[in-house]
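Residues 1 to 592 in my numbering are what the first sequence spells out, letter by letter. Beta carbons are placed, not taken as given, at the ideal position from N, Cα and C, and that holds for glycine.
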Amino acid sequence: MNIYAEFHARIAEILARFSGEGRLPPGLDPARFVVEPPRDASLGDLACNAAMVFAKEAKAFYPNPRQFATELAFEISAFEDVDQAEVAGPGFLNIRLKPTVYAQILRAVLRQGQDFGRGASGRVAARKVNVEYVSANPTGPMHVGHGRGAVFGDALASLMEFSGSEVTREYYINDAGAQVDVLARSAFLRYREALGEPVTVPDGLYPGDYLKPVGAALATRYGDSLREKPESEWLAPVRAFAIDAMMDMIRDDLAALNITHEVFFSERSLHDSSQGLSDVEAAIEELQSKELIYQGRLPPPKGQLPEDWEDREQTLFRSTSFGDDVDRPLRKSDGSFTYFASDIAYHRKKIEGGYDVLVDVWGADHGGYVKRMGAAVEALSGGKVALDVKLCQLVKLMRDGEPVKMSKRSGDFVTLREVVDEVGVDAVRFMMLYRKNDAPLEFDLARVIEQSKDNPVFYVQYAHARANSVLRQALAAFPDLELGPERLAEAELALLQDESEWALIKLLAQYPRVIESAAAAHEPHRLAFYLHDLASLFHSHWNRGKDQPQLRFVNQDRRDLTCARLALVTGLMKVLASGLSVLGVKAPDEMR
RNA sequence: GGCCCCGUAGCUCAGCCGGAUAGAGCAACUGCCUUCUAAGCAGUAGGUCGCAGGUUCGAAUCCUGCCGGGGUCGCCA
1 MNIYAEFHAR
11 IAEILARFSG
21 EGRLPPGLDP
31 ARFVVEPPRD
41 ASLGDLACNA
51 AMVFAKEAKA
61 FYPNPRQFAT
71 ELAFEISAFE
81 DVDQAEVAGP
91 GFLNIRLKPT
101 VYAQILRAVL
111 RQGQDFGRGA
121 SGRVAARKVN
131 VEYVSANPTG
141 PMHVGHGRGA
151 VFGDALASLM
161 EFSGSEVTRE
171 YYINDAGAQV
181 DVLARSAFLR
191 YREALGEPVT
201 VPDGLYPGDY
211 LKPVGAALAT
221 RYGDSLREKP
231 ESEWLAPVRA
241 FAIDAMMDMI
251 RDDLAALNIT
261 HEVFFSERSL
271 HDSSQGLSDV
281 EAAIEELQSK
291 ELIYQGRLPP
301 PKGQLPEDWE
311 DREQTLFRST
321 SFGDDVDRPL
331 RKSDGSFTYF
341 ASDIAYHRKK
351 IEGGYDVLVD
361 VWGADHGGYV
371 KRMGAAVEAL
381 SGGKVALDVK
391 LCQLVKLMRD
401 GEPVKMSKRS
411 GDFVTLREVV
421 DEVGVDAVRF
431 MMLYRKNDAP
441 LEFDLARVIE
451 QSKDNPVFYV
461 QYAHARANSV
471 LRQALAAFPD
481 LELGPERLAE
491 AELALLQDES
501 EWALIKLLAQ
511 YPRVIESAAA
521 AHEPHRLAFY
531 LHDLASLFHS
541 HWNRGKDQPQ
551 LRFVNQDRRD
561 LTCARLALVT
571 GLMKVLASGL
581 SVLGVKAPDE
591 MR
């Protein structure tokens, strides 16, 4: 039950009726106006800008927006659940609802529980969505930056799912490039080490200790049978073995963050030509048939020229036809395919999967890649599939305001796993979501486990725990009280008289709208901020009970009033629990 | 040099598809609280929304140019 969507529909109906009656021109697009909470709650419950948005079209019928709005206000006042509708400012329509509307919403929250807000996007929701995230190279443990993309993608997937889309969570394994050969050589070195050879890791190989167990496992599996063979013979099996080991490790790291993917897609599989044309070849062929491939030369990049730059003719994709800056090469100088070529093939597979929307979550350093990928998806889908690339900025790891030193070169960097083990899943997830994805994030290891109001994770979880504590105390005061949501929904809600009680209910009523807009914008941080706002309002109302005992939720002398207030508390708990669960953060019953 | 992201209170950041007097937390200042319901509470002050144009009834929001910070710039992934 989303009152904003509800009134948007009703007003759209009025406009359509006016058009039919010749009081407005036909064909006014309802998508152009909005129904939203007014800036200032004292203005009412809903604000609508339709009269101003359509002022131009309505000019022949109403000389100015205010008169148009007055006409609409007259119609809206007639609704049973509307207390009053009035015109304000240049032509705003402010609607005040009867309190019974909010009482109904609270009952809906209680009855639907954690499903309140589910499917909030209704028909606006994309039907089938693919969210690709993490996609860290299988060459080592994940670091904190990967973690941000992982948490972001996972929460976005849940959010879109909750709002009404069918979502597939996908991981693209970069198991085809040169870096997995480096991985294989590094693992082979550790294999020789495990067989008793003294080794030093040369430059260019991965030095991390995490490959030692892989070397040992190789030794167990192969004995010394690979030792004297040429690289051409051991590379493939060692590479496959090491990739599997790395993916197991990455899956473990993700599991520690409660992240799972439905699909792990192998880049290497795109190059498999054992069944005829490989996927990469097929993708290029398809683009060829659309005359988007040609042999040509690229101008050298401006600024500093790469040292090994050579001007040569190459296979190019005409991405400039779709807004890219230059056309992009598909084959390297040795004839093999570029990463971009495999990525085109990969996205072609996703398009074939019948998705309406593709979301890719990348690190900000891949920003230069967005246009060409968008061009490829547009070319391959004929513009039917939307690709939204979400770039996640860096994470700066801090401790008590001081940066934590990380040197990746030595192979001795702070891993995601270490951070999760130190501060817990909830802190990592919530903090990573409590910031826009494209803004850099400072993550302070000390601050996120602080139990104070300065720590948003604690603050929001504590609101849930505190609500639960109120219920426990109510039970102590009235041992026979039935606290089931169904029973509380029958409480006499009209007994709620305090303004901040209604402010809380009104904020609860916004939850579906928050879900809808956060999902539509692919911005889970909006939900995190909403939950913080909700917690904040609850805490501050709770604190008023310090000075004014009559405002406390549990009132020994007023069983009926207590019930009404418990209905509010329970509704709040449900929404907090629902939102936290969408973000993948626990809603604890107590914080001790 | 091209492209992308960012620039909002002293600091860290929100601000939806253009909407009414631009918000929150921290820090600062002023009171209160010191066992009351649970990790304090209430209030005050603080802004040229980087700058300059443009679009319009209306711009932090959209467009153009500039300034500043970051990222990126055939074959790396």
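Boundaries cannot be given for K436, as no beta strand (DSSP E) includes it and DSSP labels it neither H nor E.
Secondary structure of P38 (DSSP, three-state): coil.
Close CB contacts of D444 within its chain, under the 6 Å cut and outside five residues either way in sequence, are with M398 (chain order). Boundaries of the beta strand (DSSP E) harbouring I95: 92-97, taken from the DSSP string. Contact between the stretch 555-564 and the stretch 425-437 is absent: fewer than three C-beta pairs spanning the two stretches fall below 8 Å. Secondary structure note for E166: its beta strand (DSSP E) is the uninterrupted segment 166-173. With 16 or more other CB atoms across the displayed protein chains lying within 10 angstroms of its CB, D426 is buried.
Counting only unbroken stretches of 3 or more residues, the beta strand (DSSP E) elements lying wholly within the stretch 147-229 are 166-173, in sequence order.
The Cβ atoms of D324 and L298 do not sit closer than 8 Å to each other. Per DSSP, reduced to three states, the secondary structure at W542 is helical. Counting of Cβ neighbours within 10 angstroms places V263 among the exposed residues, the total staying below 16. When the beta-carbon positions are compared, P141 and M249 come within less than 8 Å of each other. With a minimum length of 4 residues, the unbroken runs of alpha helix (DSSP H) contained wholly in the stretch 284-367 fall at 339-352. A direct Cα-to-Cα measurement between K396 and V585 gives close to 22 Å.
L277 sits exposed, since fewer than 16 C-beta atoms from the chains shown fall within 10 Å of its C-beta. Rounded to whole angstroms, the gap between the alpha carbons of K350 and N130 is 8 Å. Excluding sequence positions up to five before and after F18, its CB lies within less than 6 Å of the CB of L24, all in the same chain and listed in chain order. Note on geometry: alpha-carbon atoms of V167 and L358 lie some 10 Å from one another. Taking all protein chains in view, the Cβ of D175 is crowded by 16 or more other Cβ atoms within 10 Å, so the residue is classified as buried. DSSP places P237 in the helix class (H, G or I) of the three-state scheme. Going by DSSP, K586 is part of no alpha helix (DSSP H) at all; its letter is neither H nor E.
By the Cβ criterion, the stretch 569-578 is in contact with the stretch 499-508, since at least three pairs of Cβ atoms, one from each stretch, lie closer than 8 Å. Assigned with DSSP and collapsed to three states, M398 falls in strand. Taking each of E310, Y102, G484 in turn and checking the Cα distance to L496, the smallest one comes out for Y102.
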